[in-house]
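Protein chains in written order, with full-length UniProt numbering: chain Z, 1 to 339; chain X, 1 to 335; chain R, 1 to 332.
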Amino acid sequence: MSEAPSVAARPGSRNLVEVVLRLREAGVVVFLVVLGLAFGLATDRFLSVQNLTTVASSAAILAIAACAQAIVLITRNLDVSVGSMMGLVAYLTADWAATHPGITPVEVVAIPLMIGTVLGAINGLLVAYGRVPALIATLGTMSLYRGFTYIYAHGQEVTSSRLPPWMLSSVDARIGGLPILILVSIAIVAVVAWLLHAYPFGRRLYAVGSNGVAAWFFGLRAERVVFFAYVACGFLCGIAGLLYAARVGTVTVVLANGWEMSSLASAVIGGVSVSGGSGTVVGAALGAVVLATIDNGLVLLRVPEFWRMFIQGAAIVAAVAVDALIAEAIRRSTGGRRR
Amino acid sequence: MKMKLLATLGAAVLAVGLAAGPALAQQKTSGFKLMMTPKWTGFPYFELTGEGAKAAATELGDTLIYAGADHAEVSLQVETLQNFVTQKPDGIILAAIDGNAVAPVLKQARAKGIVVGTYDADAAVAGRDMFVNQLSYEQAARVMLDAALIDAPEGGEIAFIAASPTSPNHVAHMKIMTELSKTEAKYKVFSVVDTQYAGDDDAKSYDVAVNLMQAHPKLKVIISSSAVSAPAAARAIEATGHVGKVWATGFALPSAIKRYLENGSQKAFAFWDPWELGYVAAYAVHQKLAGKFDPKEGAVLDVPKAGKFKTFKDAEVVYGKPLIFTKETVGKYNF
Amino acid sequence: MSTSAKRQLPLWEMALVVAILAAGAWSSTLSPYYLSVDQLFGSTRAFIIPGLLALGLAVVVSLGEIDISLASIIAVGTVALSKLSAAGVPFAVAAPIVVAIGALCGAFNGLLVAKWRLPSLAVTLGTMGAFRGLAFIAGSEVGYTDFDDVYLWLGSDYVFGGVVPVSLILFALAAAGVWFLMHRTGYGRRCFSIGLNPDAAWFAGVDVVGVKIRAYALAGALAGAAALVWVGQYGSARGDNADGSILFVVTAVVLGGMDINGGRGTLSGVVLALFLLGTIRNGLGLANVGGPTQTVVLGGLLVAGVLRPAAAAAIARLSRPAKTREARAQGE
Chain Z
1 MSEAPSVAAR
11 PGSRNLVEVV
21 LRLREAGVVV
31 FLVVLGLAFG
41 LATDRFLSVQ
51 NLTTVASSAA
61 ILAIAACAQA
71 IVLITRNLDV
81 SVGSMMGLVA
91 YLTADWAATH
101 PGITPVEVVA
111 IPLMIGTVLG
121 AINGLLVAYG
131 RVPALIATLG
141 TMSLYRGFTY
151 IYAHGQEVTS
161 SRLPPWMLSS
171 VDARIGGLPI
181 LILVSIAIVA
191 VVAWLLHAYP
201 FGRRLYAVGS
211 NGVAAWFFGL
221 RAERVVFFAY
231 VACGFLCGIA
241 GLLYAARVGT
251 VTVVLANGWE
261 MSSLASAVIG
271 GVSVSGGSGT
281 VVGAALGAVV
291 LATIDNGLVL
301 LRVPEFWRMF
311 IQGAAIVAAV
321 AVDALIAEAI
331 RRSTGGRRR
Chain X
1 MKMKLLATLG
11 AAVLAVGLAA
21 GPALAQQKTS
31 GFKLMMTPKW
41 TGFPYFELTG
51 EGAKAAATEL
61 GDTLIYAGAD
71 HAEVSLQVET
81 LQNFVTQKPD
91 GIILAAIDGN
101 AVAPVLKQAR
111 AKGIVVGTYD
121 ADAAVAGRDM
131 FVNQLSYEQA
141 ARVMLDAALI
151 DAPEGGEIAF
161 IAASPTSPNH
171 VAHMKIMTEL
181 SKTEAKYKVF
191 SVVDTQYAGD
201 DDAKSYDVAV
211 NLMQAHPKLK
221 VIISSSAVSA
231 PAAARAIEAT
241 GHVGKVWATG
251 FALPSAIKRY
261 LENGSQKAFA
271 FWDPWELGYV
281 AAYAVHQKLA
291 GKFDPKEGAV
301 LDVPKAGKFK
311 TFKDAEVVYG
321 KPLIFTKETV
331 GKYNF
Chain R
1 MSTSAKRQLP
11 LWEMALVVAI
21 LAAGAWSSTL
31 SPYYLSVDQL
41 FGSTRAFIIP
51 GLLALGLAVV
61 VSLGEIDISL
71 ASIIAVGTVA
81 LSKLSAAGVP
91 FAVAAPIVVA
101 IGALCGAFNG
111 LLVAKWRLPS
121 LAVTLGTMGA
131 FRGLAFIAGS
141 EVGYTDFDDV
151 YLWLGSDYVF
161 GGVVPVSLIL
171 FALAAAGVWF
181 LMHRTGYGRR
191 CFSIGLNPDA
201 AWFAGVDVVG
211 VKIRAYALAG
221 ALAGAAALVW
231 VGQYGSARGD
241 NADGSILFVV
251 TAVVLGGMDI
261 NGGRGTLSGV
271 VLALFLLGTI
281 RNGLGLANVG
291 GPTQTVVLGG
301 LLVAGVLRPA
311 AAAAIARLSR
321 PAKTREARAQ
331 GE
C-alpha cells in the first residue's frame, strides 16, 4: 500500500478520473465520427439516416452484452460464458414459448431474466466465493451452459413459426421512425450507467477492480461486489438473449456463439480496461457501435471478409494502446509512479 | 479341390472388379457396421440425414452409429473419423468440413477395406468411394434461380450470402448462378451485384442481409445456399420493412421459413429432403459393400423407396431431387 | 505460502496420474477397441497440436500473462508453409522459416505486452483476429493442398515399427526442452519470479521486458512447429486452420495446475493434464459419445478441478475455531 496508490483511491483525484473517463468516451465518439466520415467520403450510402439506423440496430444487442461484460471487467474479472448464457436463455425461453401457446408477454420477459440471473449467480459463486480465477470458472461454465443447451435441444431448433407472432413483431416495431430495439438498448445502457453512477454499488465495483486490497482495507466485501457483478452480467445476458431470439426469429443451439469475444472486444474498444477499475458501460456500448460501424462500412465498400477480421483485431490493439497512453498521462499528472 | 476352385473364382472376380476387393472378400450381403458423422451434430438438417441413414440401415439389416463433435471444426472431425477407423466398421459416411484435411484419414480407412461415402459436402476424390450429392452444382444453382424467378419474375439485382469463401459448394453455386445470369435467356433478367459471407451464423446473416439492402437500394433478391442464412435474411426483410421490395430465397428447411411463406412476406425457397438424402447415402454404401453397386460413371443406384440415381464422373451419385416450397406446398413437409 | 504450494504441486500431479489411470480403465470398459498399442499411440496424434500450444502457453502463464492468439499463429504458419511449398523451397529450409515466423508473431505480442505494458488478454484478443485475418489475406480463400510428401512427413509418418507417430516424438522433445528450461535454468526461475511478483523481480534486477518477450516468442515458435504438424496431419493450409482450439489449450494448462495469475505450476502437470484430457476424449470418442456430452464433461472437469483447492480451503476455514474468526473480524 505504500507505493502506487490507485488514482481512484486518492482523495481529490476523483474528479480528474471522471474527467478522464469522459475523455475516453469522448475518444471513442471522436473515433466513431472519424470512422463515419471516412466511410461517408468513401461511399455516399453510409451517411444516410436509414443506414445509420441500420448500424444502430445491429449494435443494439451487442451493446447490452458489452455492457454486461463491462460490469464484470470493471471488477478486474472476466466472463467468457456471455455467449453461452445468451444461448441457453434464448433456447429455454423460445422452447417454453413454443410449447405454451397462451404465454403472456410478462412471462416471456420474466423467464429469461430469471434464468440469466441464476446462470450469472453460478458464475458469481464460483469466482467470488469459490475463488476460482474468472477465466477458468467461466470457461468451464461456457462449456457447461452450451453443452446443456445442446442436450436439452436434442437436435431441434425453435423456428419462427412456432414462436408467438407478437414476440417477433414487437422487436420490429418503430417509435418515431426508430426501431424499438435501439430505444430499448439505449434505455438499458442508460439505466445501468445511471445505477452505477448514483448508487454506492457502482463505486464499489471500481474500488474492488482498481485495488482489491485497498478496497478490503476500507471495509468493502469484495466477494459480494464481485458476486453481484456476475449476477448483473447474467441478468443483462438474459435480456440480450431474449432480444437476440426475437430479432433473428429462429432459435438454434449455436445462438450467440462467439459473443464472449465480441462483447469483450466491444468493451475493450470502448475503453474498459481488462485490468479492472476503469472504463464505463457507456464506453462499452459505444465499442459495440464501433464494431457494427466497421461491419456495415466494409460491406458498403465491398471489402472482403478477411480484412474485417484484420481491421477489427487491429482496432482492439489500437484501443488498448490508447488506453495505456492515457493511463500514463494520468500517472504523470498525478505524480503517481510507474510500476 | 472345392477350396481351390473358390479361390480361382475369387481371383477372377477380383481381377475384374478392381476396387471392389475388400467388399467381395467378405461376401456378406447384410449385417454391416456403418458409422456416420455430419459436419456437426445438433443442427436439425444433419440430424435428419442421420435419422434417414439409420432407417436405411435398419431396413437393410445393418447397424449405424451416428456421432460427431458439436461444432464444425476439422481437427475434431478427423479425430471422430480416426476413432471410427479404430472400431473397424465396414462403411463410413460423412459430410466433410474440409475435403482435403479429412483425406489422409479417409485414405487410411480405405486401405483397411472400409467403404467411404460422402454426402452433403464432398472430400477429396482419392479419400472416398463415392459422393452422394444432394443436387449437382448446376442443378442447385438452377433451382435457386428458379425460386428467385418466382419471387421476382421481372428480375433485378441479386446478391449472395455464403457461409465462407472456403465452403466449396457455396462457392460453386455462386459461380454457376453468376454464369447463368449472363448466358441463359431465362435468367438474364438478373444481375449479380454482391457476395457476402456470414459463416452459417444467424445474427451475422441477419446483419449482412440488412447491410446488403443498404448497400444496394435496387436489390431485388438475396440468395443463400446456407440453410442458416436464408431464413435469417427472410427475417431481416420482414423486420426492416422491406417486404414486397426485396426477397430472400435459397436453401432452407421448410419449418424454418414456414412463417414467412404463410404471412406472405416471402414467396419461394428451395431444398431437398434431408431425411431421404441420408437414407440414400446409407443405402448406397450398403449396396457397394454387398457388391450390388459399383459407383462407376453411368452406373445406376436403385433405391426402391426413393428412386433410381445416376452416377457421374468421379463416383458422384446425384440424388438430385430439388424441392421448391411455396405458400401452398410448405405445409406438406414435416421437417 | 510458497512452501505449502510446493508441497501441494506433486500432490496435484499424483492426482492427475491417478485420474489418467482411472480414465484409461474406464475407457477400456467403454470400448473394446481402447486397449491396443496402435490405438493408444495413434490417438495421441489428435493432441500434439494443442499440446505444443499448451507448452508455450504454460510459459506465458507462468509470467501471469496469457496468449489467446496462438491458434491464429498456426494459421499464419500453415499459410506461410504453403507459400514456401509453392515456391519449391525444400522442407529443411521451409520448416525453420515457419518456426521463425511463429516466433516473430509471438514476439510481436510480447513487445506489446512487455514493452508497452498493454494487458495481454486484450492484446492477444486483438492479434487473434489480426493474425487470422493476415493468414486469410495472404492465403486467399481457397487454401492450398499441393504439398510435397516431404512436407507431410512430420505430421503423418510413424517410426519404431510404424507405431509411434513422428509428431509424438517432436512433442516429447519439445516438452522435455520446455520442462528443462522452466525448471532447471535461471530463465525459468525468472519467469516464475516475475509471475509471483513483477515488482520484486524488477527490483531484483530481472530484465522483465526481455524475459516476457522471449516467453511470447517461444510460445509463437511452438505454434509455428504446431503449424508444421498441422500441414502434415491434414495436408491442408487455410486461413481457418485450428480455428477454435484455443479453449482446449487453456483448459489443459489450467487443469495441469498452472496458476493463471502466474508464479506457480509445473510443466509436468501440464503434460499430465494433456494426457488426462486426451484419454477422456479418446475413450468417449471410441464409445461414440456425442459431442455435447463431451463438452459438458470437459467443462465440468475444469470447474471441478479448480474448485478442489477452494473447497479444501473453505472446509478448513469453517472448521477453524469461532474465536479466531471473531478476532480476525475485529482486526479487519
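For every residue, glycine included, the Cβ atom is placed at its ideal position computed from N, Cα and C.
*Between the Cα of Y66 (chain X) and the Cα atoms of X:Q87, X:T86, X:D90, X:M35, which residue gives the shortest distance?*
X:M35
*V159 (chain R) and V166 (chain R): beta carbons closer than 8 Å?*
yes
_Suppose contacts are defined by Cβ-Cβ distances below 8 Å. Is W230 (chain R) in contact with T78 (chain R) by that definition?_
yes
*Starting from I158 (chain X), follow the beta strand (DSSP E) in both directions and report where the run begins and ends.*
156-162
*C-alpha gap between P274 (chain X) and S255 (chain X), whole angstroms*: 13 Å
*Report yes or no: is there a C-beta of chain Z within less than 8 Å of the C-beta of A122 (chain R)?*
yes
*Roughly how many whole angstroms lie between the Cα atoms of A23 (chain X) and L242 (chain Z)?*
Annotation note: pLDDT 46 at A23 (chain X) (below 50); position unreliable, no value reported.
_Opening and closing residue of the beta strand (DSSP E) in which T63 (chain X) lies_ = 63-66
*asked:* Can you give me the C-alpha to C-alpha distance between S224 (chain X) and Q266 (chain X), rounded to a whole angstrom?
replied: 14 Å
*Pull out every residue of the region 248-266 of chain X whose Cβ sits closer than 9 Å to any Cβ of chain R, in chain order.*
none
*Three-way DSSP call (helix, strand, coil) for I103 (chain Z) in this model*: coil
*Can you give the Cα-Cα distance for V158 (chain Z) and T99 (chain Z), rounded to whole angstroms?*
10 Å
*Residue interval of the beta strand (DSSP E) (run including Q196 (chain X))*: 190-197
_For Q214 (chain X), would you say it is in contact with chain R, using Cβ-to-Cβ distances shorter than 8 Å as the test?_
no
*Identify whether residue 336 (chain X) lies in helix, strand or coil by the three-state DSSP scheme.*
Outside the modelled stretch of chain X, which goes from 1 to 335, sits residue 336 (chain X), for which no answer is possible.
*Residue range of the unbroken alpha helix (DSSP H) whose run includes K212 (chain R)*: 208-234
*Cross-chain neighbours of N288 (chain R) in chain X, by beta carbon under 7 Å*: I65, A67
*Hey, is F136 (chain R)'s beta-carbon within less than 8 Å of any beta-carbon in chain Z?*
yes
*Of the residues X:V317, X:S136, X:V280, X:A233, which one's Cα is nearest the Cα of F160 (chain X)?*
X:A233
_First through last residue of the beta strand (DSSP E) which encompasses I93 (chain X)_ = 91-94
*Is the CB of D202 (chain X) under 8 Å away from at least one CB in chain Z?*
yes
*Could you tell me which residues DSSP puts in a beta bridge with A270 (chain X)?*
X:F251, X:I324
_8 Å Cβ shell around A109 (chain X) - same chain, five flanking residues per side excluded_ = L81, F84, V85, I92, V116
_Any beta carbon from chain R within less than 8 Å of E51 (chain X)'s own beta carbon?_
no
_Under the three-state DSSP convention, the category G269 (chain R) falls into_ = helix
*Counted within 10 angstroms of its Cβ, other Cβ atoms place F251 (chain X) as buried (16 or more) or exposed*: buried
*Supposed contact pair Y319 (chain X) and A56 (chain X) - C-beta distance, whole angstroms, cut 8 Å*: Actually they do not touch by this definition, with Cβ atoms about 13 Å apart.
*To which residues of the same chain is A175 (chain R) closer than 8 Å at the C-beta, ignoring the five residues directly before and after it?*
G51, L55, L267, V271
*Could you tell me which chain R residues have their CB closer than 7 Å to the CB of N83 (chain X), listed as they occur along the chain?*
G285, L286
*Specify whether the region 257-274 of chain Z and the region 54-65 of chain Z touch according to this definition: at least 3 beta carbon pairs, one from each stretch, less than 8 Å apart.*
yes
*Using a C-beta to C-beta distance shorter than 9 Å, which residues of chain Z count as neighbours of R132 (chain R)?*
F306, M309, F310, G313
*Ends of the alpha helix (DSSP H) at S75 (chain X)?*
74-86
*asked:* On the DSSP letters alone, give me the boundaries of the beta strand (DSSP E) that I222 (chain X) sits inside.
replied: 219-224
*asked:* Please tell me whether V116 (chain X) has its Cβ less than 8 Å away from any Cβ of chain R.
replied: no
*asked:* Taking the beta carbon of V282 (chain Z) as the centre, do at least 16 other beta carbons fall within 10 Å, making it buried, or is it exposed?
replied: buried
_Short-range partners of chain X found in the region 220-250 of chain Z, where Cβ spacing is below 9 Å_ = Y244, R247, V248, G249, T250
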